[in-house]
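All residue numbers in the sequence shown are consecutive under numbering that gives the first Met the number 0, ending with 173. Glycine residues also receive a C-beta, built at the ideal position from the N, C-alpha and C atoms. Beneath this line is the structure, given in structure tokens, with notes to follow.
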Amino acid sequence: MEKPRDTVLESKISRRILFVRGHKVMLDRDLAVLYGVSTKQLNQQVQRNGERFPSDFMFQLTPEEANSLRSQFVTSNRGRGGPRYLPYAFTEQGVAMLSGVLKSRRAVLVNVEIMRTFVKLRQILSSHAELARKLEELEKRYDSQFRVVFDAIRELMSSEPGETRPVGFRPSRA
0 MEKPRDTVLE
10 SKISRRILFV
20 RGHKVMLDRD
30 LAVLYGVSTK
40 QLNQQVQRNG
50 ERFPSDFMFQ
60 LTPEEANSLR
70 SQFVTSNRGR
80 GGPRYLPYAF
90 TEQGVAMLSG
100 VLKSRRAVLV
110 NVEIMRTFVK
120 LRQILSSHAE
130 LARKLEELEK
140 RYDSQFRVVF
150 DAIRELMSSE
160 PGETRPVGFR
170 PSRA
């Protein structure tokens, strides 16, 4: 049976997985928090073991990417307590390699949970693709009278939110 704590850790991890340059990644600062070390310590260990982290395992964000993330997460500005260096992004393989570099018991346990979260995310994405494929097959098999239903399902499946309207009602003006 799954412990509630594991579920909490999984949700913390899944919120920290970002999509950058076509890869699912985690930032050095987020990994440091999960591992219970400072970002500086994590990056020092990575630098000392540079041969373990090729460019497809880890890369440094560009200033534009970092600014984009900063504006999304509303973090402090540079020069006013914000980060002095551009963050590093670790792919799934890079996160796995961190377990060999950070040797604490906590690092191993957290790494196992991160790997499980990446696997679940991959399963969710593949099931979404499978659902889209099955919908196409159904659409080919049935005639146009179901077109409205298929269009509605596709709209629900789309990752782009539709036009939103305010919740509630407006009192009539007399």
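If I'm right that residue i touches residue j with Cβ under 8 angstroms, what's the distance once you round it to whole angstroms?
i       : j      : result
Phe-52  : Ala-88 : The Cβ separation is near 11 angstroms, so there is no contact.
Leu-30  : Val-94 : 7 angstroms
Ile-152 : Ile-12 : Not confirmed; about 30 angstroms, so no contact.
Tyr-34  : Leu-41 : 7 angstroms
Using the C-alpha atoms, what's the distance from residue j back to residue i?
i       : j       : result
Arg-47  : Ser-10  : 31 angstroms
Gly-177 : Val-36  : No statement about residue 177 is possible, as the shown extent of the chain runs from 0 to 173 and does not include it.
Glu-91  : Ala-65  : 20 angstroms
Arg-14  : Thr-116 : 10 angstroms
Val-19  : Arg-105 : 27 angstroms
Asp-150 : Gln-44  : 51 angstroms
Lys-102 : Leu-124 : 31 angstroms
Arg-69  : Val-100 : 28 angstroms
Lys-119 : Leu-97  : 20 angstroms
Leu-60  : Val-24  : 11 angstroms
Pro-3   : Leu-17  : Note on Pro-3: pLDDT 47, under 50, position unreliable in the model; the coordinate value appears next. So the two alpha carbons sit approximately 24 angstroms from each other.
Met-174 : Val-107 : The chain is shown only over 0 to 173; residue 174 falls outside these bounds and no answer can be derived.
Asp-208 : Glu-138 : Nothing can be reported for residue 208: it is not among the residues displayed for the chain, which extend from 0 to 173.
Thr-74  : Arg-83  : Low confidence applies here, because Thr-74 scores a pLDDT of 49, under 50, leaving its location unreliable and the question unanswered by this model.
Gln-122 : Glu-129 : 10 angstroms
Val-147 : Glu-63  : 42 angstroms
Leu-85  : Val-32  : 17 angstroms
Gly-49  : Val-109 : 22 angstroms
Glu-154 : Tyr-141 : 19 angstroms
Ser-126 : Lys-39  : 38 angstroms
Arg-28  : Glu-136 : 44 angstroms
Ser-67  : Arg-132 : 33 angstroms
Determine which residues share a DSSP beta bridge with residue i and list them.
i      : result
His-22 : Val-19
Met-57 : Phe-89
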